[in-house]
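In the numbering used here, the protein residues as written are 20 to 275.
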C-alpha cells in the first residue's frame, strides 16, 4: 500500500468479553485499515494496524473509545513496519488443528493438512514449507484425510512418514472457510512448533484439475524468517525426535 504506515497497539481496561474485536474489525474495514486484532492472555487487546496516515489516525482514535460496552483505561501505541496485510482480521480464534507430515513415497514431499469441517484438507508440498516470505512453494491439492491420520508416523509402503510439525491454526481473510478454499485464496495463521504466523494458499491452476496446483506463501509478519530454510534447519519429528532418514533406518543425509 503506497504511503502506508503501521502501528502496534495494546488496549487496556474492560476490553475482553465486550465485543471489542468484532467492533474493531468493522471499524477498520470501514476505514480501509488492514492488519489484525486479538485477545491476549493478560486481559488486553492487541492490534496491528496499517494504512494511510489519516485512516490510521482515525482508527487509533477509535481504539481509545472502543464499543459501547467497553471501558478503555489506556492504549499503548508504537510505530512498526508495514507487513502488507490484505485484510483486517480477527486473530486468536482457533479453527482447528494442522499437521505437516514429511513423507518419503515415490517422491519425497511434505503433506500440509488443515482441519476444515471435520476433515483434513491436504496439499503435497514437494520442497516443504518455508518461513521466508520471498519463497513461494508449489502445493498440489490432494485427497482429504481423516483426523485419525494426523498421529500416524512410521513405515508406509516402500517409504515412511514422520510428523514434522503440528499445532492449531486460525482461519483468516474476509471470505469464510471453506468458501475461501473453493475460491482459490485462503489466508490462515499457524501456531506450530516450527511454523508460526500468517500464511496464504493461492491456487494457480484450474480448480477442476485432477490435482489443483497452489502456491504456499509465508506472510510478512513478526514470525517471518527471511533467508531461512526451516526444513533443513529443523529436520526432526516433533513426535519422536527422529529424522525421516532415521525412521527408515538410514542417515538423514542419504534421504532422497
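The beta-carbon is built from N, C-alpha and C at its ideal position, and this holds for glycine as well.
Measure the alpha-carbon distance for residue i versus residue j and round it to whole angstroms.
i, j, result
"residue 39", "residue 85", "6 Å"
"residue 87", "residue 233", "43 Å"
"residue 73", "residue 247", "36 Å"
"residue 170", "residue 31", "40 Å"
"residue 47", "residue 83", "14 Å"
"residue 78", "residue 236", "29 Å"
"residue 215", "residue 179", "25 Å"
"residue 250", "residue 103", "25 Å"
"residue 264", "residue 92", "55 Å"
"residue 124", "residue 175", "8 Å"
"residue 22", "residue 99", "14 Å"
"residue 197", "residue 139", "12 Å"
"residue 151", "residue 191", "19 Å"
"residue 5", "residue 27", "This structure cannot speak to residue 5, because the chain is shown only from 20 to 275."
"residue 200", "residue 122", "24 Å"
Residue j and residue i - do their beta-carbons sit closer together than 9 Å?
i, j, result
"residue 307", "residue 177", "Since the first and last residues shown for the chain are 20 and 275, residue 307 lies out of range."
"residue 64", "residue 43", "yes"
"residue 253", "residue 193", "no"
"residue 37", "residue 89", "yes"
For residue i, tell me which candidate among the options has the shortest Cα-Cα distance.
i, options, result
"residue 220", "144, 97, 262, 108", "144"
"residue 110", "35, 66, 101", "66"
"residue 25", "182, 37, 34, 51", "51"
"residue 128", "181, 117, 108", "181"
"residue 117", "213, 134, 95, 148", "134"
"residue 59", "33, 259, 244, 172", "33"
"residue 261", "243, 173, 205", "173"
"residue 54", "41, 108, 80", "108"
Hey, residue i and residue j are a contact pair by Cβ (cut 8 Å); roughly how many whole angstroms apart?
i, j, result
"residue 164", "residue 187", "Not a contact, Cβ separation roughly 17 Å."
"residue 130", "residue 119", "7 Å"
"residue 156", "residue 146", "6 Å"
"residue 256", "residue 189", "Between residue 189 and residue 256 the Cβ distance is about 24 Å, and since that is not below 8 Å, they are no contact."
What do you get for residue i, buried or exposed, if any count of 16 or more other CB atoms within 10 angstroms of its CB means buried?
i, result
"residue 266", "buried"
"residue 282", "The displayed coordinates of the chain run from 20 to 275. Any statement about residue 282 would go beyond what the structure contains."
"residue 153", "exposed"
"residue 3", "Nothing about residue 3 can be reported from this structure: the residues present for the chain run from 20 to 275 only."
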